[in-house]
Amino acid sequence: KSRQEYKSDIFRGPSSDAAGGDDDASSYCGSSTSALSRPGSAVDGPARTLGMEGSASDGHGRTLAVERTQSMHSPFDGSMRVRRTKSKMSDGGSPVRFKREIDKILFSWIMKLWLREARKSKAAIAKDAESRRRASWEEEQRRKMEEEMEKKMKDLTRMNESLTLELEKANQEIERYRKRVKVLERQVETLTSEAAEREKQQEQTISQLRSQLEESFNQLLERESDIE
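Residue numbers for the sequence shown follow the UniProt record's numbering, so the first one is 1 and each next one is one higher.
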């Protein structure tokens with residue numbers, strides 16, 4: 001083949017008779033699989049044992065990947081490979097092109113499986129990050145609530161101490177006023193008794209003066225009568 005035909009065979013998607021239509025993953029990874037389709041490569045080793053339903057099939061309805069896997073473990077490996085190669089060559093294909101198309105299909109399925117696992121790991125990482133963020137948020141809220149409760153308790157304790165001091169001062173002031181009232185009551189009682197005593201003395205003085213005045217008036221009347 002010429003260089004242009006060889007490049008066109010490498011970069012184009014799998015043919016309709018081998019893949020059953022265009023495959024997005026195989027066309028996307030065609031350039032990479034062409035380099036990896038050599039014998040002994042990473043795809044040619046473990047990947048060739050994968051056989052997926054819905055991949056390219058031959059004229060008898062059997063998947064090419066399954067036939068390739070079975071041919072590797074069959075006791076009639078050499079004869080079966082020769083017959084398949086002859087049948088493909090009789091259909092207008094070539095062993096190199098057939099192997100390249102199988103490798104493209106296998107690589108596309110490997111990429112699909114890898115992307116599926118990558119999406120699962122991303123979902124798990126996102127879920128783990130969300131749970132950690134949730135736990136961190138809950139811890140932050142709990143810490144804020146504890147700090148707020150501690151602050152309120154300190155304020156209430158300080159207020160209680162202040163009110164207790166004020167109550168003690170008020171009780172002391174009340175006791176002092178009670179003592180003062182008792183002293184004043186005693187003074188009032190003393191003054192009341194003194195006032196009563198003074199009233200008695202005044203009454204006695206008034207009665208004495210009245211008696212003296214009457215006696216003097218009587219003496220005056222007697223003198224006037226004597227003079228007459």
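Backbone N, C-alpha and C fix where the C-beta goes; we use that ideal spot for every residue, glycine too.
Where does the unbroken alpha helix (DSSP H) through residue i begin, and where does it stop?
{"i": "Glu228", "result": "Careful: Glu228 lies outside any alpha helix (DSSP H) and carries neither H nor E."}
When burial is assigned at 16 or more other CB atoms within 10 Å of the CB, is residue i buried or exposed?
{"i": "Leu209", "result": "exposed"}
{"i": "Asp103", "result": "buried"}
{"i": "Lys110", "result": "A small fix is needed here, since residue 110 is Ile in this sequence, not Lys. Answer is buried; the Cβ neighbour count reaches 16."}
{"i": "Ala35", "result": "Note that Ala35 has pLDDT 40, beneath the 50 cutoff, so the model's placement of it is unreliable and the number below is only indicative. So Ala35 ends up on the exposed side."}
{"i": "Phe217", "result": "exposed"}
{"i": "Lys99", "result": "buried"}
{"i": "Ser136", "result": "exposed"}
{"i": "Glu101", "result": "buried"}
{"i": "Ser162", "result": "exposed"}
{"i": "Ala56", "result": "Since pLDDT at Ala56 reaches only 43, below the 50 mark, its modelled position is unreliable, and no value is offered."}
{"i": "Gly78", "result": "With a pLDDT of 44 at Gly78, under the threshold of 50, the modelled position of that residue is not reliable, and no figure is offered here."}
{"i": "Glu222", "result": "exposed"}
{"i": "residue 230", "result": "Lying before the first or after the last residue shown, residue 230 is absent from the chain, which here runs from 1 to 228."}
> In the UniProt region "Disordered" (125 to 157), which residue ranges form an unbroken beta strand (DSSP E) of at least 3 residues, counting only runs that do not cross its ends?
Replying inline: Runs found: none.
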